[in-house]
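Here is the structure we will look at.
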């Protein structure tokens with residue numbers, strides 16, 4: 004084996020002893036080169052995979068941070084809402100009632116399904132025992148159909164009643180909110196009327212005391228009352 008080939012084996016990570024063990028020359032060198040190429044490809048793939056995983060983790064962290072910041076902003080905006088506590092409690096109560104209602108409906112549906120399967124099994128058993136009695140089989144089928152219709156009607160009625168109850172609770176909640184809003188509007192109107200009455204009273208006191216109107220509206224009702232009292236004392 005030539006000196007140049009041994010040196011090339013050394014650059015590919017193949018020792019001189021391994022090169023001497025493989026005397027096929029070019030084939031061994033080709034295998035070594037292929038192994039080096041594969042090793043580089045695997046290393047590049049691992050680096051790319053690690054970079055992708057790192058980018059995905061960074062993106063997920065940013066998304067989590069964005070959701071947390073958005074939730075924090077909404078909490079700050081609604082923390083002083085007068086309806087926050089009551090609405091949350093009522094919403095949780097309605098969710099709990101809805102969950103209980105759905106669980107009850109699911110249990111009733113499972114019970115009805117078991118009963119229907121039991122009726123079908125009874126019909127099959129009776130049909131096997133009474134192969135020649137077609138009239139009895141028809142009566143049993145009609146009874147099963149009637150029973151299924153009755154059970155379905157009962158289930159539909161219970162669903163309608165449950166939905167009506169949920170609608171009634173929602174309507175009551177909306178009525179309470181409407182009354183609260185109406186009360187707030189009435190309170191604002193009363194405050195506005197009180198300010199207006201005070202302004203009229205101040206104007207009357209100013210006219211009675213013959214006090215000129217201040218351009219910056221700095222005169223208050225107490226100032227005008229003092230002026231009026233001084234004028235009355237002078238006349239006396």
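Numbering (the numbering used here), first residue to last: 4 to 239.
Beta carbons: idealized from backbone N, C-alpha and C, even for Gly.
Cβ neighbours of residue i in the same chain (closer than 8 angstroms, five flanking residues each side left out)
i           : result
residue 24  : For residue 24, the pLDDT reaches just 46, beneath the cut-off of 50, and the residue's location in the model is therefore unreliable, leaving the point undetermined.
residue 245 : This structure cannot speak to residue 245, because the chain is shown only from 4 to 239.
residue 46  : none
residue 65  : none
residue 60  : none
Residues of its chain near residue i, where Cβ-Cβ distance is below 6 angstroms and the 5 sequence neighbours each way are ignored
i           : result
residue 112 : none
residue 171 : none
residue 132 : none
residue 149 : none
residue 187 : none
Contact set for residue i: own chain, Cβ-Cβ below 7 angstroms, skip 5 residues either direction
i           : result
residue 93  : 176
residue 71  : none
residue 82  : none
residue 190 : none
residue 54  : none
Inter-residue CB distance, residue i and residue j (contact presumed, cutoff 8 angstroms)
i           : j           : result
residue 144 : residue 126 : 7 angstroms
residue 154 : residue 105 : Going by Cβ atoms, the distance from residue 154 to residue 105 rounds to 19 angstroms, so no, they are not a contact pair.
residue 123 : residue 147 : 7 angstroms
residue 151 : residue 110 : That pair is no contact at about 18 angstroms.
residue 162 : residue 100 : So it is not a contact: roughly 14 angstroms between Cβ atoms.
Among the options, nearest to residue i - alpha-carbon criterion
i           : options       : result
residue 95  : 205, 173, 77  : 173
residue 97  : 141, 184, 169 : 169
residue 102 : 53, 166, 156  : 166
Heavy atom of the ligand ADP within 6 angstroms of residue i beta-carbon
i           : result
residue 189 : The ligand ADP is not part of this structure, which contains no ligands at all.
Subject >> Every unbroken beta strand (DSSP E) inside the stretch 119-194 [3 residues or more] >> reply: none
Subject >> Minimum length 3: unbroken beta strand (DSSP E) runs contained in the stretch 87-111 >> reply: none
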